[in-house]
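Read the structure below first, then the notes.
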Ligand code: UD1
Ligand code: UDP
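Numbering (the numbering used here), first residue to last: 4 to 390.
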């Protein structure tokens, strides 16, 4: 009997965990492969929440996270830690997801060892190497090292084509974040925080806010200030801020928003609670990549507190607007949606430019083809009517 090809999925942060979960599950249920899961532990508590909810137990946990870790320190410890694991496991393929330090290191460590790299969520670009920082660079580096590019959308495929990657090495899968979101929509959710549980039975408008981007750290006081202004202007609305655990985020945001009666500040929420809260929200303010992908499919208008985005599809569809990080601009754009029903309705359409829930199946089929044990299946095509 021939030995099954071994697929090593490497991840380390909350969004990677959410986005690899459907692929890990598909690989584990596919008799053609042996699946090995490696966590660098770039994140700790925020990663454990996702592992627990999706029932993923990494075969190796490098437990790297240190408070206030620098990029170079993290990257050097991650590449050193991965080396012996690759030697031990001898995978045929390494899956690297997205654009984090972990993803970049996983691709580089695999490449150095002659292991084929599969890039999940390939081809997203802003065109500005400094934004998002360092993620745009990470994603480009991974692209250079990958044998197979699993692009979530046609736009991301086109970005790769413009950089002269071969068409035959690119498969448009849709984004696995939508697979995860559809799974989450079937879970029974209970909010641990009684203030959030109470929102289920109330009619108050809910504005959900998240922020964490490194290049926004200097502007985060402005973001917190904008939430403060909005909370004071709309005392009947509720503003929920599940705060990222990065102490720099907390230092900047908390002084602006604590002690306001209609602002609910929580620790990062488990994925099921966060997505349920997003479904309950009237409006979303964020600088997150994943939230930009999820909220449009729930029909929630999103104001993205960044100058640019590598996810232009929902901007084009009209449910996401880039508003930057200036306090007054954020307030003005949010006010427009909270006050003008026509403006709100124009943005509140459920669109699915990012996926249809079958991205993991397409990813696994494409990997099977790469390894000569199967064939790829039909690519993701968004529904053009937006439904
Ligand atoms: C990382 C990714 C970013 C991604 C984000 C998702 C890089 C360079 N950045 O940024 O692309 O959007 O994750 O959230 O890979 N911390 C904890 N507990 C946790 C997680 C983080 O305490 O569970 C704190 C630690 O002090 C840590 C700091 O947050 O040092 C920053 O974490 P890090 O992974 O370096 O950067 P993020 O800003 O989270
Ligand atoms: N998320 C979560 N709990 C929270 C905030 C976000 O589970 O309190 C999820 C969210 O649904 C999305 C992902 O985390 O899937 C986004 O992670 P983050 O914003 O940290 O990173 P990014 O997507 O910007 O890389």
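Where is the CB? At the ideal position from N, CA and C, for every residue including glycine.
Of 275, 229, 59, the smallest CA-CA separation from residue 255 is found for 229. If you draw a 10 Å sphere on the C-beta of residue 22, you find 16 or more other C-beta atoms in it, and that means buried. Here DSSP, grouped into helix, strand and coil, assigns residue 47 to coil. Relative to the Cα of residue 91, the nearest Cα in the group 334, 11, 18 belongs to 11. If you compare the alpha carbons of 150, 226, 167, 123 with that of residue 180, the shortest gap goes to 123. Counting only runs of 4+ residues, the alpha helix (DSSP H) found wholly inside the stretch 212–267 occupies 223–236, 250–260, in chain order. Here residue 60 is exposed. Its C-beta has fewer than 16 other C-beta atoms within 10 Å.
In the DSSP assignment, residue 14 falls within the beta strand (DSSP E) that extends over 9–14.
Ranked by Cα distance from residue 78, the options 107, 316, 97, 164 are led by 107. Distances from the CA of residue 50 to each of 383, 65, 37 were compared; the closest alpha carbon is that of 65. Across the set 67, 13, 361, the C-alpha of 13 shows the shortest separation from the C-alpha of residue 96. For residue 28, the secondary structure class from DSSP, reduced to helix, strand or coil, is helix. With fewer than 16 other Cβ atoms from the protein chains shown falling within 10 Å of its own Cβ, residue 193 counts as exposed. When DSSP states are grouped into helix, strand and coil, residue 324 belongs to the strand group.
The three-state secondary structure of residue 305, taken from DSSP, is strand. In the DSSP assignment, residue 100 falls within the unbroken beta strand (DSSP E) covering 96–100.
Here residue 85 carries a helix assignment [DSSP, helix/strand/coil]. At a threshold of 8 Å, residue 22 does not count as near the ligand UD1, since its beta carbon sits no closer than that to any of the ligand's heavy atoms. Note on residue 205: under 16 other CB atoms within 10 angstroms of its CB, so exposed under the neighbour-count rule. By the Cβ rule, the stretch 124–137 counts as touching the stretch 156–170, because three or more pairs are nearer than 8 Å.
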